[in-house]
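Heads up, the thing below is written out as structure tokens.
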Amino acid sequence: MKRGALRPLLGKTLAALSGTMISGAVWAGYQLNLREPQSALARDVYNMHTLVNLVCLAIFVVVFGAMFFSIWKHRKSAGHQAEHFHENTTVEVIWTVIPFLILIGMAYPATRTVLAMKDTSNPDMTIKVTGYQWKWEYDYLKDGVKFMSTLATPRAQIENRADKGAEYLLEVDNPLVVPVGKKVRVLLTAGDVIHSWWIPELAVKQDAIPGFIRDAWFKSETTGTFRGQCVELCGKDHAFMPIVVKVVSQAEYDAWLASRKQGAASPSSAPLSRAVLNGRPGAAVAAFGGQLSDADIAAAVAFQRNSRDNKVGDMAQPERVASLKPGAEAAARAAR
Amino acid sequence: MAHDATHAHDAIPAHDGHGQPGGIMRWLTTTNHKDIGSLYLWFAGTMFLVAGSFALVIRAELFQPGLQVVHPDFFNQMTTLHGLIMVFGVIMPAWAGFANWQIPLMIGAPDMAFPRMNNWGFWLLPVAGFLLLLGLFMPGGAAAGGWTMYPPLFVQGGISYDLTIFAIHILGASSIMGSINIITTVLNMRAPGMTLMKMPLFVWTWLITAYLLIATVPVLAGAVTMLLTDRHFDTHFFNPAGGGDPVMFQHIFWFFGHPEVYILILPAFGVVSQIIPTFARKPLFGYASMVYATASIAILSFIVWAHHMFTVGMPAAAQLFFMYSTMLIAVPTGVKVFNWVATMWKGSMTFETPMLFAIAFVCLFTIGGFSGLVCAMTPVDIQIHDTYYVVAHFHYVLVSGALFAIIAGVYYWLPKWTGHMYDEKLGKLHFWLSVISMNVTFFPMHFLGLAGMPRRYADYALQFAEFNMIASIGAFIFGFSQLIFLAVIIKAIRGGRKASDQVWEGAQGLEWTVPSPAPYHTFETAPVVK
Ligand code: HEM
Ligand SMILES: [Cu+2]
Ligand SMILES: [Cu+2]
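So the sequences go chain by chain: A and B. Using this note's numbering, the letters of the first sequence map in sequence onto residues 214 to 549. Using this note's numbering, the letters of the second sequence map in sequence onto residues 20 to 549.
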């Protein structure tokens, strides 16, 4: 191929490329680094990643600088004659020891961050998070507030029958709400298969393992809405169970909690739940009480009440369903 | 003597296959290391096209946000089969093919130590491949639990999950037979004068790889057997309801899995250590330190497994142990890279296609090593685990690492195998298309992972759209470029410029002392190595 013809083309391509890089509007879609950290831990991680990258870059430049220099200079076509050395213990020792020292330098800050990440002691509040195929359940242990959080993106957007919204696949019906500046400990488990709960901005990622409880913590320094996704393959809808955390001021949090407590007490989802549990004699409504778990029934009821034209906007909770079972209702009446 | 036992077979007039069964029976019954080597390589090449086309299904779906091409469940079947087949059906058989062809030629042995087991070891592979692919036609489709097969998800699936488990058993049996054969051949059948420390580095790396296989494949077999009994016989190894622990599977799997990644890459180190000295016309720098580095990588590879599990919630002490041991592996890996660069230094280099691929290997594998180091830092890994960053990491070490070394090795030894020079122009075209499109495909995945795109996702948020589109374009170019490779190979088999026995000006070693193409039987009397 003729070199002369190639050069201008290459030049134009490079110019076009650097043009797109500089014009921020185009470049905005191309996030290159970790997301902007929102907690001290996330900032540690961010800085450590930068440090490791700089070290790698330096090594790369030195080693491959040498290699490409050699490729250029020590070519047969440039008339270079091969020398015949093939051993040197001194350099072998040098290039074993130097990387070793560099690694020790990197291990030190990493160790400190690992220990900080594992320190879940003295939390301000504790939330239990349970992964299900394919939704999350949040349980505010002290406050008795518990709800399901499922993908809010409409099917039509996923199947390309409607335009995709800005938060496509990153939106849920009920986000987790936490107060700013508080150390939140999360206890994780799962009801079926392994899932993994992740908020990139807060540097918290922990697998949710059925039959076991693991913990992790985060403490957001700023208010805002942070979005993550499930990061352990959990079946067909693995990509469709996002995590949304709303970090709000303490006052807003208190107000939210109060309204939640009230919402949980409202009996409005009871009739439908009862119908699903017990069926409706004489109509084609089967009794699912013995077949489905409380969580599934709650999910089905919540779906019925909030999909298509129904917009009740509340949730049916598994405990509520359990309390509606014939046995439980009789027991409750007897107790009164 | 053992020789007498095989006398009847030897009595068949051997040269060029006269008097042997013809047609398909020749290949079904062959015990010749060169035939079996070719079978392995053709099998690997075929499976490469199959698993590669699965990858293109994945990339087609990910070309744009939204579901366009496949359903999420089928998407998961594609990622699972792609991973399993690329690892067990492409890279491992390809290395077994190289071992069969080259080890006897490089150590001056007439054949492998156990020729009949060699035949059996190969013919198990198509059976396993058939079982894996059969899953696609079963109710519910193929296994979709990822190549890592984690329970409880893997316990949920249908019959194809059992087929997958059986396929793994069969593949494992094949690998163990291959390894026993290689170890016995290398330890007992070297030409007089070839001490261990005079063996070509490719032979060394395979010897160590074979030990890794023997040590870890039974562990994998045990893990999948426990999956099988959990699925069907009411055991509870991994079922918490019966006192089991799903995380235990991950420990067992990765105790196999991490050495496995070195099983895939050590022979690549060997091939590159053959090629670079040839085209630099200068002996390998630091031969002894290369051997020691290979051995220490192999040993260390047994104590780093849990770096794949930093997010399962291990105690801090365990996280720190696995972080330190993983970082340590970077040291011998670095030594290897430095030695290759020192081999090129002050050589007299030419850049035929094998050398181009070897240089790309050194450069791009090192990028994969760097991202490995990033993954080794536990706090950082917790951020990027199970994201596209890890996908980028292991494709740099496996595509531009293992696969590029396989391609380099094929170009390097093809003239010896076929007797013809390959088409250098097409080879170079194949190289440039591959190396560019490989980077276009996988480099943006680093950014996607850092920005937060999880792996094994059939659909993704809008901010990941640009890089995914770029990656998909790169993937299609890479995939179709490999057809050039196929064309080059077929062309060289059909004809072309006659290759000399020496083939490459700077090549050293016994394989270059036999005619090109290498006759059906070589080194019937052992050469003497000074
Ligand atoms: C400097 C050397 C290396 C280091 C420090 C390293 C480190 C790591 C770490 C920490 C992970 C886990 C990342 C995660 O899942 O979060 C990983 C994943 C992986 N590495 Fe490496 N690695 C190195 C070299 C290699 C090589 C040579 C290969 C294979 C040829 C390889 C293949 C893989 C694969 C296949 C995975 C992903 C497995 C999966 O989750 O499906 N790595 N590596
Ligand atoms: Cu998931
Ligand atoms: Cu590993």
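Where is the CB? At the ideal position from N, CA and C, for every residue including glycine.
- Message: Cβ closer than 7 angstroms: which chain A residues qualify as neighbours of L303 (chain B)?
- Response: Going along chain A in sequence order, the residues near L303 (chain B) (Cβ under 7 angstroms) are H299.
- Item | Contacting residues, own chain, Cβ-Cβ under 6 angstroms from F466 (chain B) (five flanking each side not counted) | Contacts found: F486.
- Report the neighbours of V391 (chain A) on chain B: residues whose CB is nearer than 9 angstroms to its CB, in chain order. In chain order: nothing, as chain B lies at least about 19 angstroms away.
- Query: Around the C-beta of G318 (chain A), are 16 or more other C-beta atoms found within 10 angstroms, so that it is buried, or is it exposed?
  - Reply: In summary, G318 (chain A) is exposed, with fewer than 16 beta-carbon neighbours lying within 10 Å of its beta-carbon over all protein chains present.
- Message: I want to see whether chain A comes within less than 7 angstroms of L469 (chain B), judged by CB atoms only; does it?
- Response: Chain A contact via Cβ: present.
- Going along the chain, which residues put their C-beta within less than 6 angstroms of some heavy atom in ligand 1? Those satisfying the condition are, in chain order, B:T167, B:V280, B:L283, B:I284, B:H326, B:H327, B:T345, B:I348, B:A349, B:T352, B:G388, B:G391, B:L392, B:C394, B:A395, B:D400, B:H404, B:V409, B:H412, B:F413, B:V416, B:L417, B:G420, B:A421.
- Query: Could you give the residue range of the alpha helix (DSSP H) that holds Q553 (chain A)?
  - Reply: There is no way to answer for residue 553 (chain A), as the model of chain A reaches only from 214 to 549.
- Among B:A147, B:V76, B:S179, B:L247, nearest to L190 (chain B) - alpha-carbon criterion: When each option's Cα is compared against that of L190 (chain B), the closest is B:A147.
- Item | Span of the beta strand (DSSP E), counted from its first residue to its last, around E350 (chain A) | Looking at the DSSP string, the run of the beta strand (DSSP E) that includes E350 (chain A) is 348-353.
- Check the C-beta distance from F495 (chain B) over to R78 (chain B) and give it rounded, since I have them as a contact under 8 angstroms. Right, the Cβ-Cβ distance comes to about 7 angstroms (below 8 angstroms), so this counts as a contact.
- Quick one: which chain A residues come within Cβ less than 7 angstroms of R475 (chain B)? Against chain A, the beta carbon of R475 (chain B) has neighbours under 7 angstroms at L446, H451, listed in chain order.
- Query: Using a beta-carbon distance below 7 angstroms, is G165 (chain B) in contact with chain A?
  - Reply: Judged by the 7 angstroms Cβ criterion, G165 (chain B) is in contact with chain A.
- Query: So the alpha helix (DSSP H) S362 (chain A) belongs to, where does it begin and stop?
  - Reply: Note, S362 (chain A): premise wrong, no alpha helix (DSSP H); beta strand (DSSP E) at 358-362.
- Message: Between which two residues does the alpha helix (DSSP H) holding H262 (chain A) run?
- Response: Here the alpha helix (DSSP H) through H262 (chain A) covers 253-286.
- Query: When you compare only the Cα positions, how much space is there between R45 (chain B) and I316 (chain B)?
  - Reply: In a straight line, the C-alpha of R45 (chain B) is about 40 angstroms away from that of I316 (chain B).
- Which partner residues does A403 (chain A) have in the DSSP bridge list? DSSP, once it has assigned bridges, lists A:G344, A:P423 as partnering A403 (chain A).
- Task: Take every Cβ of the stretch 408-426 of chain A, pair it with every Cβ of the stretch 352-364 of chain A, and state whether three or more of those distances are shorter than 8 angstroms.
- Result: In short, these stretches do not touch, since the Cβ pair count stays below three.
- Message: Does G64 (chain B) pass the burial test, meaning 16 or more other C-beta atoms within 10 Å, or should it be called exposed?
- Response: Buried is the call here.
- Query: Run through DSSP, which three-state label would M464 (chain B) get?
  - Reply: M464 (chain B) falls in the helix class under three-state DSSP.
- DSSP three-state assignment for W410 (chain A), whether helix, strand or coil: DSSP places W410 (chain A) in strand when its eight states are reduced to three.
- Message: Please state the DSSP three-state secondary structure of P336 (chain A).
- Response: Collapsing the DSSP output to three states places P336 (chain A) in coil.
- Message: Taking 7 angstroms as the threshold (C-beta atoms), are K449 (chain A) and S252 (chain A) in contact?
- Response: No, the pair does not count as a contact, with Cβ atoms beyond the cut-off.
- Item | Option nearest I456 (chain A) by Cα separation, candidates B:K510, B:E80, B:T372, B:P473 | Here the closest residue by C-alpha is B:P473.
- Query: L382 (chain A) to Q482 (chain B), Cα distance in whole Å?
  - Reply: So the two alpha carbons sit approximately 11 angstroms from each other.
- Message: Give me the residue from B:I184, B:P158, B:T235 with the minimum Cα distance to I195 (chain B).
- Response: In terms of Cα proximity to I195 (chain B), the closest of B:I184, B:P158, B:T235 is B:T235.
- Who are the near neighbours of L86 (chain B) in its chain, counting only those whose CB is closer than 8 angstroms to its CB and skipping five residues on each side? Around L86 (chain B): E80, A477, D478.
- In the structure shown, what three-state DSSP assignment does R209 (chain B) receive? R209 (chain B) falls in the coil class under three-state DSSP.
- Taking just the CA atoms, how far does T333 (chain A) sit from A238 (chain A)? Low confidence applies to A238 (chain A): its pLDDT is 40, below 50, so where it sits in the model is not reliable, and the reading given next is rough at best. Straight across, the Cα-Cα distance linking A238 (chain A) with T333 (chain A) is about 41 angstroms.
- Query: What is the DSSP secondary structure of R374 (chain A), counted as helix, strand or coil?
  - Reply: Three-state result, R374 (chain A): coil.
- Task: Spell out whether any CB of chain B is found under 7 angstroms from the CB atom of N260 (chain A).
- Result: N260 (chain A) does not count as touching chain B.
- Pairwise C-alpha distance: S193 (chain B) and L143 (chain B): Distance between the alpha carbons of L143 (chain B) and S193 (chain B): 6 angstroms.
- Query: For M363 (chain B), which of helix, strand or coil comes out of DSSP?
  - Reply: Note: M363 (chain B) maps to helix in three-state DSSP.
- Task: State the DSSP-derived secondary structure class of R474 (chain B), mapped to helix, strand or coil.
- Result: Note: R474 (chain B) maps to coil in three-state DSSP.
- Item | Short CB-CB distance (under 7 angstroms) between A314 (chain B) and chain A | Not flagged as an interface residue toward chain A: A314 (chain B), since no C-beta distance is shorter than 7 angstroms.
- Cα-Cα separation between S453 (chain B) and A377 (chain B), rounded to whole angstroms: So the two alpha carbons sit approximately 13 angstroms from each other.
- Is it true that the CB of T345 (chain B) sits closer than 7 angstroms to the CB of H326 (chain B)? For the 7 angstroms CB-CB criterion, H326 (chain B) and T345 (chain B) form a contact.
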